[in-house]
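What follows is one structure encoded as structure tokens, with my remarks underneath.
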Amino acid sequence: MYNLNRRCSVIRLAQAVESIRKEAAPLVEERFRQFKELGENGTNEELYSELCFCILTANWSARGGMEAQQLIGVDGFMKMSEEELTESLVRLHHRYPKARASYIVKNRWVVYRLKTLLSLPPTDAREWLVKNVLGIGYKEASHFLRNVGVEDLAILDRHVLSLMRKYGLIDSIPQSLTKQRYLSLEALLKEEARYFGEPPGKFDLYLWYFVKKTVEK
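Taking full-length UniProt numbering, the leading residue of the sequence shown gets 1, the next gets one more, and so forth.
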């Protein structure tokens with residue numbers, strides 16, 4: 001009965017998202033083209049800017065992270081002092097300006113490892129990020145890798161988890177996600193993405209459009 005109920009939930013969510021596929025598809029395809037372009041041709045510094053974006057959006061917002069990228073710039077993520085970064089994040093009303101500024105400065109040692117990292121299998125690259133980069137958990141690591149063109153990982157943010165709860169894929173939204181729990185929920189979302197006919201990284205953009213009527217990153 002459980003498997004049947006879950007299958008029905010998968011179908012219901014896929015059918016709901018299908019309703020926006022036609023209008024969302026051009027935006028999704030263009031955004032994913034940009035992701036792949038960054039992953040294939042971006043500099044280490046540009047990749048680090050995207051990693052910082054993913055660190056900043058945790059418990060904040062994608063829009064805020066994009067504004068931070070515009071204000072601070074690629075060079076700023078590389079060269080600004082912790083105090084300067086904190087000041088910039090305060091101006092943007094970030095919830096944790098000092099902590100995030102500290103992460104950005106302390107993580108700079110990874111900059112020239114990022115291109116090499118992208119040559120690893122996606123799950124290995126994600127594990128490395130989680131173990132070595134401050135402010136990065138499984139969601140943030142998956143977010144970064146998707147934003148540089150990796151299709152195979154799921155981003156379990158609060159919007160996605162809320163949809164999974166609404167359509168019966170999960171009974172409740174977990175307060176925190178251990179590795180085991182993240183991978184278990186990721187498997188559910190991958191099943192959903194397969195039914196929809198897109199890889200999970202791209203399916204996430206359709207989910208965002210379904211909720212927000214926009215495709216951010």
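Ideal Cβ positions, reconstructed from N, Cα and C, are used throughout, including at glycine.
Please read these numbers as outputs of a predicted model, since none were measured by experiment.
Residue nearest to residue 82 within the set 99, 213, 136, 129 is 99 (criterion: CA-CA distance). In this structure, residue 139 keeps its C-beta atom at 8 Å or more from the C-beta atom of residue 32. About 20 Å separates the Cβ atoms of residue 149 and residue 77, ruling out a contact at the 8 Å cut-off.
Leaving aside the five residues that flank residue 207 on each side, the residues in its chain whose CB is nearer than 8 Å to its CB run, in chain order, 17, 159, 160, 163.
For residue 90, the closest alpha carbon among the candidates 180, 105, 72 is that of 72.
Residue 44 and residue 147 have their C-alpha atoms roughly 14 Å apart. For the set 84, 107, 11, 153, the Cα lying nearest the Cα of residue 47 is the one of 107. The Cβ atoms of residue 136 and residue 104 do not sit closer than 8 Å to each other. Comparing C-alpha distances from residue 111 to each of 123, 88, 75, 92 shows the shortest one belongs to 75. Listed in chain order, the non-local C-beta contacts of residue 62 below 8 Å within the same chain comprise 216, 217, local neighbours out to five positions each way being set aside.
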